[in-house]
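Visitor: The structure that follows is given in the form of structure tokens.
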Amino acid sequence: GEDVEQSLFLSVREGDSSVINCTYTDSSSTYLYWYKQEPGAGLQLLTYIFSNMDMKQDQRLTVLLNKKDKHLSLRIADTQTGDSAIYFCAERYSSASKIIFGSGTRLSIRP
Amino acid sequence: GAGVSQSPSNKVTEKGKDVELRCDPISGHTALYWYRQSLGQGLEFLIYFQGNSAPDKSGLPSDRFSAERTGGSVSTLTIQRTQQEDSAVYLCASSSRLGQGNSPLHFGNGTRLTVT
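Each protein sequence line maps, in turn, to chains V and P. Here our numbering is used: the first residue of the first sequence is 48, the next is one more, and so on. Here our numbering is used: the first residue of the second sequence is 3, the next is one more, and so on.
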């Protein structure tokens, strides 16, 4: 079946690293994405990774993909208050262009 | 340029009434997606369009829900005989090329629907 799972909440101290985890079910996924949703706003693409890659780094963001375990993670280095948001993991299936989203992880930053 | 525009931004309706939600995608984007976000829930896929056709309608919750797209541009999501469980934020997104991972979804700010 189609399922993308994430933990609902994460709290980190300002300046620490945040790691948001995601598991998915479709082994034929082609692309996996991380989106960010700030309060009252739509979703914005943060980064994506192609399924034949293990890692992608973009400034403070590092995406790790374990295809064997169908596990995706997003690491945010030096977390700032502006990083407070809901982070969604999403996958695109190879058999179709449907993109399925997880439930989102709410990241809160404490001083 | 302009992003994805959705209207209205907020809609309050009485149970049993019909509602129409509108999405104006980014000009030239061929793919258009509708999602529903309920309070505390993730994004629930509803339907997507490639041009004016909808290859996948599997996410529409019931036959009270329908969507169309005309001229490869504007899309309308219609909910007939609304129920309280239809209350949610309805998000529209568009993409320049279907099936291309590096053509991300661009989301609108959504329509918040409240059924009383």
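Using N, Cα and C, we set each Cβ at its ideal position, and we do this for glycine too. Remember, it's a predicted structure, so these values are computed and weren't measured experimentally.
Closest to residue 110 of chain P by C-alpha separation, out of V/70, V/58, V/85, would be which residue?
Guide: Among V/70, V/58, V/85, the Cα nearest to that of residue 110 of chain P belongs to V/85.
Visitor: Could you give the residue range of the beta strand (DSSP E) that holds residue 118 of chain V?
Guide: Where residue 118 of chain V is concerned, the enclosing beta strand (DSSP E) stretches over 118 to 123.
Visitor: Look at the alpha carbon of residue 137 of chain V and the alpha carbon of residue 95 of chain P, and state the distance between them as a whole number of angstroms.
Guide: Answer to the nearest angstrom: the Cα atoms are 14 Å apart.
Visitor: Kindly indicate the opening and closing residues of the beta strand (DSSP E) around residue 68 of chain V.
Guide: Where residue 68 of chain V is concerned, the enclosing beta strand (DSSP E) stretches over 65 to 71.
Visitor: With a cut-off of 8 Å, do at least 3 Cβ pairs link the region 7 to 22 of chain P to the region 83 to 92 of chain P?
Guide: Yes, since at least three Cβ pairs between the region 7 to 22 of chain P and the region 83 to 92 of chain P fall closer than 8 Å, the two stretches touch.
Visitor: Closest to residue 86 of chain P by C-alpha separation, out of P/49, P/34, P/16, would be which residue?
Guide: Ranking the options by Cα distance to residue 86 of chain P, first place goes to P/16.
Visitor: For residue 106 of chain P, go through chain V and note every residue whose CB falls closer than 8 Å to its CB, in chain order.
Guide: Simply 80, 92, 95.
Visitor: Enumerate in chain order the residues of its own chain whose CB-to-CB distance from residue 117 of chain V is below 7 Å, with the five nearest sequence positions on each side excluded.
Guide: So the qualifying residues of the chain are 70, 71, 72, 74.
Visitor: Can you list the residues of chain V that residue 110 of chain P reaches, using a CB-CB cut of under 9 Å?
Guide: What residue 110 of chain P touches in chain V: 89.
Visitor: How many angstroms separate the CA atom of residue 113 of chain V from the CA atom of residue 95 of chain V?
Guide: One C-alpha to the other measures close to 14 Å.
Visitor: Do residue 53 of chain P and residue 74 of chain P have their beta-carbon atoms positioned less than 7 Å apart in this structure?
Guide: Yes, they are a contact pair.
Visitor: Is the beta carbon of residue 116 of chain P sitting closer than 7 Å to the one on residue 14 of chain P?
Guide: Closer than 7 Å, so yes.
Visitor: What number of angstroms, rounded off, separates the C-alpha of residue 100 of chain V from the C-alpha of residue 80 of chain V?
Guide: Spanning the two alpha carbons is a distance of roughly 13 Å.
Visitor: Which residue or residues does DSSP assign as beta-bridge partners of residue 56 of chain P?
Guide: Partner(s): none; residue 56 of chain P has no beta bridge.
Visitor: Of all Cβ atoms in chain V, is any one closer than 7 Å to the Cβ of residue 73 of chain P?
Guide: No, residue 73 of chain P does not count as interfacial toward chain V.
Visitor: Using a Cβ cut-off of 7 Å (strictly closer), state whether residue 56 of chain V contacts chain P.
Guide: Output row for residue 56 of chain V: interface = no.
Visitor: Is the CB of residue 79 of chain P under 7 Å away from at least one CB in chain V?
Guide: Not one chain V Cβ lies under 7 Å of residue 79 of chain P.
Visitor: Mind listing the chain P neighbours of residue 145 of chain V? Cutoff is C-beta to C-beta under 7 Å, in chain order.
Guide: What residue 145 of chain V touches in chain P: 47, 50, 58.
Visitor: Pull up the CB-CB distance for residue 107 of chain V and residue 125 of chain V, whole angstroms please, since I reckon it's below 8 Å.
Guide: Their Cβ separation, rounded to whole angstroms, is 6 Å, which keeps residue 107 of chain V and residue 125 of chain V in contact under 8 Å.
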